[in-house]
Amino acid sequence: MIDSTTRIAWRNLGRSRRRTALTLAAIAIAQCAVLLSSGLLNARNDWTIDALTGPLMGHVQVHAPGWREEQAPDLVIDRATERLEALRATEGVAQAYARVYAPALAARDVDGHAVIVVGVDVDAESAESGLLAGMPEDRRPRGRTVLVGSLLARDAGIEVGDELALVGSGADGSLANDLVTVAGILHTPFDLVNRTGIVMPLATAQETFAMPDMAHELTIRGAGSGDRADALAARITALPAMRELEVLPWRALAPEMTALLDQSDVFGTFVLLIVFVAAAAGVANTMLMATFERRRELGMLLSLGTTPLRLVRMILTEAVALGVLGVAIGSVLGGLLVAWQGAVGIPLAPGAEESVDMAVFGVNFSGFLFPYLDASDYVPGFVGVTIVSIVAALWPALFTARLEPMEAMRS
77 MIDSTTRIAW
87 RNLGRSRRRT
97 ALTLAAIAIA
107 QCAVLLSSGL
117 LNARNDWTID
127 ALTGPLMGHV
137 QVHAPGWREE
147 QAPDLVIDRA
157 TERLEALRAT
167 EGVAQAYARV
177 YAPALAARDV
187 DGHAVIVVGV
197 DVDAESAESG
207 LLAGMPEDRR
217 PRGRTVLVGS
227 LLARDAGIEV
237 GDELALVGSG
247 ADGSLANDLV
257 TVAGILHTPF
267 DLVNRTGIVM
277 PLATAQETFA
287 MPDMAHELTI
297 RGAGSGDRAD
307 ALAARITALP
317 AMRELEVLPW
327 RALAPEMTAL
337 LDQSDVFGTF
347 VLLIVFVAAA
357 AGVANTMLMA
367 TFERRRELGM
377 LLSLGTTPLR
387 LVRMILTEAV
397 ALGVLGVAIG
407 SVLGGLLVAW
417 QGAVGIPLAP
427 GAEESVDMAV
437 FGVNFSGFLF
447 PYLDASDYVP
457 GFVGVTIVSI
467 VAALWPALFT
477 ARLEPMEAMR
487 S
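Going left to right, the sequence shown walks through residues 77 to 487 as the working numbering numbers them.
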């Protein structure tokens with residue numbers, strides 16, 4: 077049952093409907109803005125993580141110590157097959173595959189171009205989120221056929237069916253050379269691959285660059301989202317097969333992107349402050365005006381035996397009800413707007429009918445954002461506004477508690 081104090085406090089909100097409505101509107105609009113920004117940030121973060129960890133980086137990478145800094149051909153991971161089997165048997169690992177990265181010169185005729193030969197497991201990387209995802213079967217590299225990055229092909233005039241001579245250095249210091257045929261042109265979200273990449277089957281790359289059962293990188297994708305990469309990396313590091321190797325999650329591999337994502341927390345906090353300011357200003361103004369307008373009534377209640385503590389409770393209940401009701405209205409409006417945005421999507425270029433590409437730190441992103449909200453996105457508004465409402469109403473409540481009944485009734 078609702079006690080009489082709470083019922084009176086609730087009815088008091090309707091005594092000055094215009095002032096109550098304005099306060100509710102201010103709090104509701106602020107909460108709606110918070111939810112809209114939260115939904116957009118959720119979508120942007122997921123979109124960024126998926127694009128970044130998708131085709132090339134994965135959630136976790138394993139290298140020989142020093143390879144990331146030096147990119148030296150001889151800094152290899154040996155027993156690659158054995159280590160991959162250990163990774164694939166690890167809880168939380170959805171995919172694991174080996175890669176070879178070898179600098180080389182590629183020539184179609186007289187002119188040579190500096191390239192990076194990327195040896196990949198063609199079948200594994202043709203799956204969703206792999207480097208060759210979406211590549212038609214007849215265009216996938218097999219044997220001594222390769223894929224050439226789209227920008228490299230354009231700059232060097234390379235076409236499907238051309239033969240390329242590759243010259244580089246083997247992992248053992250020997251001269252590596254091969255003659256390959258272009259099976260297709262590869263367009264990826266990564267400028268490095270598009271501009272300098274030549275993708276060939278892993279076995280061919282290992283043979284060409286004297287790397288039997290060796291790799292420069294083991295790429296792992298987790299079964300969950302990218303947010304769990306740190307825990308997955310710790311689990312992989314503990315494997316005996318990973319001893320003396322460097323295991324890093326994607327956040328450590330792309331610190332610039334990590335910093336960019338962390339900025340969203342700062343922005344979200346700033347927007348949340350707007351709600352608190354709106355709530356504090358609205359509740360304080362409403363309760364202060366209501367208290368002064370009702371001095372005679374409050375004095376009469378005190379003279380009839382109402383305790384100051386009960387009046388304080390009534391004022392605070394009014395304030396909390398006002399704040400929570402405003403947040404509830406804003407939550408409904410914000411939730412509906414975010415649900416609508418999530419259904420239709422937001423293109424990267426406002427006004428564009430189709431998605432466009434944009435590049436950040438050498439990674440090309442394309443597509444639509446689909447905002448969404450988690451249950452946790454609603455909590456800060458309700459909890460914060462409840463606390464702010466109580467604090468904002470403390471002075472009017474204490475003022476009421478100190479009233480002298482006779483003086484208040486004469487005012």
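Ideal Cβ positions, reconstructed from N, Cα and C, are used throughout, including at glycine.
Note that the structure is predicted; figures quoted are calculated from it, not measured.
Coil, strand or helix - residue i by DSSP
i              : result
alanine 183    : strand
tryptophan 123 : helix
aspartate 433  : Low local confidence applies: a pLDDT of 48 at aspartate 433 is under 50, so the model's placement there is unreliable, and no value is given.
glycine 287    : The sequence as given places methionine at residue 287; glycine does not occur at that position. Looking at methionine 287 - three-state DSSP - the assignment turns out to be coil, as it is neither helix nor strand.
serine 92      : coil
glutamine 137  : strand
proline 58     : Nothing about residue 58 can be reported from this structure: the residues present for the chain run from 77 to 487 only.
glutamate 320  : coil
glutamate 347  : Note on identity: in this sequence residue 347 is valine, with glutamate being the wrong assignment. Here valine 347 sits in helix by DSSP.
glycine 427    : Any reading at glycine 427 must be qualified, since the residue scores a pLDDT of 49, below 50, and its modelled position is unreliable; no value is offered.
valine 110     : helix
proline 149    : coil
methionine 77  : Per-residue confidence for methionine 77 stands at a pLDDT of 48, beneath the threshold of 50, marking its modelled position as unreliable; the derived number appears in the next sentence. If DSSP states are grouped into helix, strand and coil, methionine 77 belongs with coil.
Any chain D beta carbon closer than 7 Å to residue i
i           : result
glycine 244 : Within the model displayed, chain D is absent; a lone protein chain is all it includes.
Terminal residues of the alpha helix (DSSP H) in which residue i lies
i             : result
aspartate 267 : 267-272
leucine 70    : The first residue shown for the chain is 77 and the last is 487, placing residue 70 beyond what the model contains.
arginine 144  : 143-146
Within 7 Å, strictly: CB atoms of residue i and residue j
i              : j                 : result
valine 176     : alanine 281       : yes
isoleucine 274 : valine 186        : no
alanine 174    : alanine 156       : yes
leucine 107    : glycine 418       : The sequence shown places glutamine at residue 107, not leucine. Contact: no.
leucine 348    : proline 456       : yes
alanine 317    : phenylalanine 285 : no
glycine 130    : tyrosine 448      : no
alanine 355    : isoleucine 153    : no
proline 472    : phenylalanine 444 : no
arginine 184   : aspartate 150     : no
isoleucine 391 : alanine 469       : yes
methionine 333 : leucine 98        : no
arginine 220   : glycine 260       : no
proline 217    : methionine 276    : yes
glutamine 171  : arginine 297      : yes
leucine 132    : phenylalanine 352 : no
glycine 402    : leucine 100       : yes
methionine 363 : alanine 395       : yes
Residue span of the beta strand (DSSP E) that contains residue i, given as start and end
i           : result
alanine 419 : No beta strand (DSSP E) holds alanine 419; the alpha helix (DSSP H) holding it covers 384-420.
alanine 252 : 251-262
Output the residue ranges of the alpha helix (DSSP H) runs that lie fully inside the segment 164-243 and measure 4 residues or longer, sorted by chain position. 198-201, 226-232
Is the segment 158-166 close to the segment 231-251, with three or more CB pairs under 8 Å? no
Would you be able to state if there are at least three C-beta pairs under 8 Å between the segment 326-346 and the segment 130-137? yes
Just to confirm the assignment: which complete alpha helix (DSSP H) runs, minimum length 4, are found wholly within the segment 292-316? 305-313
Touch check for the segment 218-225 and the segment 304-319: three-plus C-beta pairs under 8 Å? no
Using 8 Å as the threshold, is the segment 461-474 in touch with the segment 111-121, meaning 3 or more CB pairs across them? no
Could you check whether the segment 121-129 touches the segment 193-202, counting it as contact only if at least three pairs of C-beta atoms, one from each stretch, sit closer than 8 Å? no
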